[in-house]
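Chemist: Pasting in a structure now, in structure tokens, and then I'll have a few things to ask.
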Amino acid sequence: MKAKPHHQHHYNGNGGGGGGGNGSESSSSTSPSPPPSPRRHSSTLSHCRRKLRSKPISVVAGFLFLRRFLRFLVVLPLLYVSGLIMCVGPFSALLGHTPLPGSVYRSHEMFELLWPHIQADNSTPIELSSVWRYRRKLKEQKPCPPSTAGLQLESPGPSVYLIVEVNGGLNQQRSAICNAVALAGLLNAILVIPNFEFHNVWRDPSTFGDIYDEDHFIATLEGHVKVVKELPEMVLERYDHSIANIPTLRVQAWAPVRYYKGEVYPILQRQGVIRIAPFANRLAMNVPPSIQHLRCLANYEALKFSSPISNLARKLVERMTEKSSRTGGKYVSIHLRFEEDMVAFSCCLYDGGEAENSEMNSIRQKGWGDKFKRKGRVTLPGLNRIDGKCPLTPLEVGMMLRGMGFDNSTSIYLASGKIYWAEKHLAPLLKMFPYLHTKESLATPDELAPFKGYSSRLAALDYTVCLSSEVFVTTQGGNFPHFLMGHRRFLNGGHAKTIIPDKRKLVVLLHDMGISWKDFKLEMEAMLTESDRKGKIIPRVKKFTKKSSVYSYPLPDCGCLQKHNGTG
């Protein structure tokens with residue numbers, strides 16, 4: 001049996017972009033038509049004359065208006081871009097314009113200027129046990145919703161199966177898995193263990209069972225959603241033992257419940273099995289409480305890392321705790337996104353000069369082809385930096401933390417891939433924080449050998465060590481920090497215990513060569529206080545049709561599960 005054409009099952013509602021920070025681009029655009037010419041009213045003109053003359057006059061006027069309008073549309077963007085280039089582009093010095101504050105990377109100069117003052121600073125350092133002062137007053141949690149989560153769309157019939165294809169890195173996959181559990185509950189379907197697609201960016205061939213404990217996943221969801229490792233033989237026979245023959249639906253991001261009820265469910269009932277690919281953020285956050293509970297159950301109880309990952313991760317946490325005896329076993333973890341590909345994709349400039357610029361152009365060409373050379377695309381590194389879109393360097397993170405009051409006795413765990421020009425960029429951070437550790441320094445080569453070449457498994461190790469830290473520092477956004485902050489909120493009574501730098505403010509401060517260490521510290525202490533305050537806040541979403549992510553803000557939706565974890 002042939003799969004139905006994809007276009008028959010598209011959802012064309014107003015959905016947002018997918019996860020991992022990648023939004024969807026419009027494939028076409030049309031220019032708006034000019035408004036019709038105003039109709040003249042004259043008692044001296046007969047109806048016939050108005051009818052004969054109105055058409056040519058309106059056409060000519062409309063054509064003139066349209067030509068002027070299109071000319072305006074062409075000129076205005078050019079003027080805007082030219083102005084930006086003059087302000088922050090490479091020609092600003094030639095034209096005599098002073099670069100905008102924060103548009104040029106000068107953090108390395110600032111460090112050399114302030115380093116003697118940092119060393120001489122004898123003020124009392126901040127204690128890790130007293131970093132977080134704001135507390136969230138939690139409401140009394142309601143009991144978890146009943147296990148019968150489905151919409152009871154029809155009377156129970158033959159078993160139907162849901163297959164999803166998930167892609168991306170560790171936490172984009174995690175999001176897709178939790179959404180798949182919720183969708184299976186919504187459709188009263190049996191979920192087949194999700195299949196992981198191989199991606200050229202992450203290049204990790206791991207399966208679900210390589211990263212998560214399959215048996216634990218199935219057992220935990222028993223009574224809520226039935227999960228099987230593979231389709232039954234009789235179902236596979238209907239499709240010649242090829243999953244490719246199963247009807248594949250392409251669903252737009254954030255599709256609401258009504259779409260699945262009206263469009264997907266009837267197809268599922270007819271076919272007995274459907275496959276949704278790709279499947280990332282394909283289910284709206286605003287769902288009934290019983291369905292939301294399934295997301296919580298999957299994320300915080302059912303998804304347990306496989307034994308090889310959890311065993312080594314536990315050892316890393318123990319070793320990190322032992323090496324933090326100076327601070328009562330507490331440590332700071334940093335998710336640093338200063339890998340080669342991240343720096344290249346950001347189109348930001350640092351202090352590597354022409355060699356760096358040439359290398360980044362080469363990496364962009366190799367990884368993304370001509371994406372950054374498309375006609376009409378303008379790259380403005382200075383504007384990216386001012387807008388807070390540039391990855392923080394290890395030096396910048398170190399200066400920020402020292403300014404906040406963390407001294408050189410603080411133990412740091414660095415969660416990261418291979419740092420761009422690691423020896424050069426890590427040297428200042430090591431000067432400020434000599435007790436710096438990574439999974440490579442905490443584990444033996446033999447312990448790490450089975451994980452080499454598997455980015456998601458390595459990320460799972462980082463995730464676990466960061467989850468156990470007293471302070472977590474995020475520097476660039478993405479699925480990893482969003483999921484981790486949500487998990488920390490779940491475990492810490494609603495507080496993320498996370499430092500989120502105000503990068504727009506930070507780049508301006510690190511550009512000011514006249515600022516004193518004392519004034520810089522005051523600004524950083526205020527930034528820490530703001531992170532503390534925001535760490536316990538649940539954002540208010542004004543539109544009743546939308547809802548903040550339950551993965552980033554699990555309370556109160558997931559609160560009933562905290563009793564089972566001893567955190568309530």
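The sequence shown begins at 1 in the UniProt record's numbering and counts up by one.
For every residue, glycine included, the Cβ atom is placed at its ideal position computed from N, Cα and C.
Please read all numbers here as calculations on a predicted model, not as lab measurements.
Would you identify the three-state DSSP class for GLU222, choosing helix, strand or coil?
Modeler: It is coil, neither helix nor strand.
Chemist: With a threshold of 16 other CB atoms inside 10 Å of the CB of GLY23, please say whether the residue is buried or exposed.
Modeler: A caution first: GLY23 carries a pLDDT of 36, below 50, which makes its placement in the model too unreliable to give a value.
Chemist: What residue range does the alpha helix (DSSP H) around TYR265 cover?
Modeler: First-last of the alpha helix (DSSP H) with TYR265: 265–271.
Chemist: Assign PHE433 to one of three DSSP states: helix, strand, or coil.
Modeler: Coil.
Chemist: Please state if the CB of LEU401 and the CB of LEU433 are separated by a distance shorter than 9 Å.
Modeler: Position check: residue 433 holds Phe in this sequence, whereas Leu was assumed. Against a cut-off of 9 Å, the Cβ pair of LEU401 and PHE433 comes out as a contact.
Chemist: For the candidate residues ALA184, THR207, GLN141 and TRP132, whose alpha-carbon lies nearest to that of ASN167?
Modeler: For the residues ALA184, THR207, GLN141 and TRP132, the minimum Cα distance to ASN167 belongs to THR207.
Chemist: Around the Cβ of LEU414, are there at least 16 other Cβ atoms within 10 angstroms (buried) or fewer (exposed)?
Modeler: Answer is buried; the Cβ neighbour count reaches 16.
Chemist: In whole angstroms, what is the alpha-carbon distance linking THR379 and TYR350?
Modeler: If you take the alpha carbons of THR379 and TYR350, they lie about 15 Å apart.
Chemist: Should GLU340 and LYS418 be called a contact, given that it needs their Cβ atoms to be closer than 9 Å?
Modeler: Taking 9 Å as the Cβ cut-off, GLU340 and LYS418 qualify as a contacting pair.
Chemist: Could you give the distance in angstroms between the alpha-carbon of LYS505 and the alpha-carbon of ASP387?
Modeler: Roughly 9 Å separates the two Cα atoms.
Chemist: Please state whether the Cβ-Cβ distance between ARG385 and GLY478 is less than 9 Å.
Modeler: No, they are not a contact pair.
Chemist: According to DSSP, simplified to helix, strand and coil, what is HIS241?
Modeler: Three-state result, HIS241: coil.
Chemist: Within 10 Å of its beta-carbon, does TYR134 have 16 or more other beta-carbons around it, so buried, or fewer, so exposed?
Modeler: Exposed, because fewer than 16 other Cβ atoms sit within 10 Å of the Cβ of TYR134.
Chemist: Got a sec, what are the start and stop residues for the alpha helix (DSSP H) GLU165 sits in?
Modeler: No alpha helix (DSSP H) contains GLU165, which is instead part of the beta strand (DSSP E) from 161–166.
Chemist: For VAL507, which of helix, strand or coil comes out of DSSP?
Modeler: Correct three-state label for VAL507: helix.
Chemist: On the DSSP bridge list, what partners appear for HIS117?
Modeler: Note: HIS117 sits in no beta bridge, so no partner.
Chemist: Output the residue ranges of the beta strand (DSSP E) runs that lie fully inside the region 391–449 and measure 3 residues or longer, sorted by chain position.
Modeler: Runs of the beta strand (DSSP E) inside the region 391–449: 412–415.
Chemist: Check each candidate in ASP210, ASN357, ASN361 and GLY535 and name the one with the smallest Cα separation from LEU303.
Modeler: That would be ASP210, whose Cα lies nearest to the Cα of LEU303.
Chemist: Determine, using beta carbons only, whether ILE500 and VAL397 come nearer to each other than 9 Å.
Modeler: Cβ atoms of ILE500 and VAL397: not closer than 9 Å.
Chemist: Does the separation of the CB atoms of ALA344 and VAL181 fall below 9 Å?
Modeler: Cβ atoms of ALA344 and VAL181: not closer than 9 Å.
Chemist: Determine whether the beta carbon atoms of GLY272 and SER346 lie at a separation below 9 Å.
Modeler: Not in contact: GLY272 and SER346 (Cβ atoms no closer than 9 Å).
Chemist: If we count Cβ pairs, one from each stretch, closer than 8 Å, do we get three or more for the region 273–280 versus the region 241–258?
Modeler: With a cut-off of 8 Å, the region 241–258 and the region 273–280 count as touching, because enough Cβ pairs lie within range.
Chemist: Taking all protein chains shown into account, do 16 or more other C-beta atoms lie within 10 angstroms of the C-beta of PHE198, making it buried, or fewer, making it exposed?
Modeler: Exposed is the call here.
Chemist: Is there a Cβ from chain B that is less than 9 Å from the Cβ of ARG295?
Modeler: Protein chains in the displayed structure number just one, and chain B is not present.
Chemist: Please report the distance separating the alpha-carbon of PRO266 from that of TYR260.
Modeler: Taking the straight line from one Cα to the other gives about 9 Å.
Chemist: Excluding the 5 residues flanking ASN171 on each side, which residues of the same chain have their C-beta closer than 6 Å to its C-beta?
Modeler: If we look at ASN171 and ignore the five residues flanking it on each side, its Cβ neighbours are ASN479, PHE480 and PHE483.
Chemist: In whole angstroms, what separates the C-alpha of ILE412 from that of TYR331?
Modeler: So the alpha carbons of these two residues sit roughly 6 Å apart.
Chemist: Given PRO554, which residues of its chain have a CB within under 7 Å of its CB, disregarding the five upstream and five downstream residues?
Modeler: Correct list, in chain order: CYS296, GLY486, ARG489 and PHE490.
Chemist: Between the C-alpha atoms of ASP446 and ARG314, what's the straight-line distance to the nearest angstrom?
Modeler: Roughly 16 Å between the two C-alpha positions.
Chemist: So, at 8 Å on beta carbons, what are the nonlocal neighbours of ASP502 in its own chain, with the 5 sequence-adjacent residues on each side left out?
Modeler: Excluding sequence neighbours, ASP502 sits near GLY388, MET527 and GLU530.
Chemist: Roughly how many whole angstroms lie between the Cα atoms of PRO143 and ILE291?
Modeler: Roughly 14 Å between the two C-alpha positions.
Chemist: With distances taken from CA atoms, which of ASN281, TYR239, ASN357 and ASP121 is nearest ARG250?
Modeler: Checked all of ASN281, TYR239, ASN357 and ASP121; the closest Cα to ARG250 is ASN281.
Chemist: On the CB-based measure, 16 or more other CB atoms within 10 Å of its CB, does residue 629 come out buried or exposed?
Modeler: Outside the displayed range of the chain (1 to 568) lies residue 629, so it cannot be described from this structure.
Chemist: Measure the CB-CB distance between LYS229 and ILE190 and report whether it falls below 9 Å.
Modeler: Taking 9 Å as the Cβ cut-off, LYS229 and ILE190 do not qualify as a contacting pair.
Chemist: Quick one, are the C-beta atoms of LEU316 and VAL471 less than 9 Å apart?
Modeler: No, Cβ-Cβ distance for LEU316 and VAL471 is not below 9 Å.
Chemist: Could you tell me which residues DSSP pairs with residue 588 in its beta bridges?
Modeler: Lying outside 1 to 568, the shown extent of the chain, residue 588 is not represented and no answer is given.
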